[in-house]
Amino acid sequence: RSIRNKLCELHYELYNNNSPTDCCIITESWLTNDFPNGLLDPDNKFDIYRCDRVGSRGGGVCVLVSKQFKSVQINANINIVDDGFEIVVVDVIAKTTRKLRLISIYRQPRNDSTGIAHARQLVACLERIILKSGPTFIVGDLNCPHLNWITTSCESNSDSLKQLVDFTVNHGFNQLVHDATRGNNILDV
């Protein structure tokens, strides 16, 4: 919740010479267009890609990629009516010219009919933007407490949440977060 008040910790993670950072992905950044990238990376060692929440407080995603790699933001071609989620898609070209795709997502914690519609839109968006010929990493907070990532099952009868589980299984994605991130639920991927 908000990188604004955690800049010292961010800078330590980015610039610590004992474990240099190549990439940093932030969800719930709480950034707005009046917050300059220079405050995130005062040493100018990273390319910064953001999708800030517009119209209300909270949310937002941010991806920082070391300038030692070539990176480019990909347009996700999203047509969201009600700001249901924020997403940033970045392709990173490693020195071997192999491309990998980073997708950072923050989905608002709505489980009403609008939230379910946003989950459906998210699945449709992910279907369009995952790489078919290289690795894709999806990182973020999906705010889906009724998904059981261990059993890849849905604890409720929501078709849209089932679509999200089916998407992850059908495309071979693995959940790397194994501990609860809010209450007893794994909300982060």
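With this note's numbering applied, the sequence shown corresponds to residues 90 to 278, in that order. Ideal Cβ placement from N, Cα and C applies to all residues, glycine included.
- The beta carbon of Lys251 is closer than 6 angstroms to those of Cys243 in its chain, skipping five residues each way along the sequence.
- Contact annotation: Phe256 and Val212 have beta-carbon atoms nearer than 7 angstroms.
- Three or more beta-carbon pairs separated by less than 8 angstroms are not found between the segment 133-147 and the segment 213-225, which leaves the two stretches without contact.
- Buried is the label assigned to Thr116, since at least 16 other Cβ atoms lie within 10 Å of its Cβ.
- The closest CA to that of Tyr101, considering only Ser222, Val179, Leu129, is found on Leu129.
- When the beta-carbon positions are compared, Leu153 and Phe124 stay at least 7 angstroms from each other.
- Within the model, the alpha-carbon separation for Lys95 versus Trp119 is close to 11 angstroms.
- The C-beta of Asn122 has fewer than 16 other C-beta atoms within 10 Å across all chains shown, which makes the residue exposed.
- With contacts defined by Cβ atoms closer than 7 angstroms, Ile205 and Gly229 do not form a contacting pair.
- Between Ala165 and Ile176, the gap from beta carbon to beta carbon is short of 7 angstroms.
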